[in-house]
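Just so we're aligned, residue 101 is where the sequence shown starts under my numbering, counting upward by one.
We put the beta carbon where it would ideally sit given N, CA and C, even for glycine.
See structure below.
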Amino acid sequence: MAVTALVSDFFGGCWSLVKGLDVTLRTMLRPAITVQYPTEKIPMAPRWRGVLSLEVSKCLSCQACVRACPAKFLSLKFHTGPDKKRVLDSLTWDNTMCAHCNLCADACPTQALAFHHDYEIASFTREDLFHDLAKGKTAEVGDLPHGAAPGAVATLAADGSAQPLTPPEQAP
101 MAVTALVSDF FGGCWSLVKG LDVTLRTMLR PAITVQYPTE KIPMAPRWRG VLSLEVSKCL
161 SCQACVRACP AKFLSLKFHT GPDKKRVLDS LTWDNTMCAH CNLCADACPT QALAFHHDYE
221 IASFTREDLF HDLAKGKTAE VGDLPHGAAP GAVATLAADG SAQPLTPPEQ AP
C-alpha cells in the first residue's frame, strides 16, 4: 500500500508540474513580439492622431479651426496683405491641453490642418510643447494661446471658456 501511494504521489506531482508549466511552454513556442523601439517602429493605426501640422499655402486665415477647438488652445494671428487678402503670421498650438479630437482639422475648409502619425513629441520642458505651426517651431511666450505663459495651467470656467492661470511666483 505504501508503494502505490508513493507512485501515485510521484506521478501526481509530475502531472502538477507539467500542468503548471503549460502556460510557460506555450509562451516559449510563440514568436517574440518585442519591438526594439528606437531602431524599429510599429506601424500606427490609420486613424491615429499624433502631431497637428499645417500646410501654410492652403491656409486662408479664416479662423474656423480656432472657433472649432473645444478647448480653445489654438491661436491664429494674421495681417491683411496689399491685395486685401489675409496673410497668416502664426498659428500656435498648445499640445499640453489638446484633446486630439480632430474638430479643428474637420472645420478647415481647405484641409490645411491635419493630424499626422508622428508620436515622438516628448520633451523635457513644457515650453517645447507649444508649437507655431506656421513657422514649424515651438512658439515664443507672447505667441501662446490666450497670452498664457509657458507652464500656465488652464481651468474651465462655468461658461465653458478656458481661463489661463499663471503659475505662482517662485521664491528665490
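Member of the options whose CA lies at the smallest distance from the CA of residue i
i	options	result
Cys198	Asp189, Glu220 and Phe230	Phe230
Cys165	Ile133, Tyr137 and Gln211	Gln211
Leu203	Ala145, Val151, Ala132 and Pro170	Pro170
Cys208	Phe224, Val151, Leu121 and Glu155	Glu155
Val187	Asp109, Lys158 and Thr139	Lys158
Lys185	Lys141, Leu160 and Thr192	Leu160
Cys162	Thr104, Leu191 and Phe173	Leu191
Trp193	Lys235, Gly181, Asp109 and Phe224	Lys235
Nonlocal neighbours in the same chain, by C-beta distance under 7 angstroms from residue i, ignoring five residues either side
i	result
Cys201	Pro170
Ser153	Ala214, His216 and Leu233
Val135	Ile142
Same chain, Cβ closer than 6 angstroms to residue i, neighbours up to 5 away in sequence not counted
i	result
Tyr219	Gly150
Ala168	Leu203, Cys204 and Ala207
Cβ neighbour criterion (16 or more within 10 Å) applied to residue i
i	result
Trp115	exposed
Phe224	exposed
Lys172	buried
- Item | Runs of alpha helix (DSSP H) lying entirely within the segment 155-183, each at least 4 residues, in chain order | 164-168
- Message: When you compare the segment 123-131 with the segment 175-184, are there three or more beta-carbon pairs, one atom per stretch, that lie closer than 8 angstroms?
- Response: no
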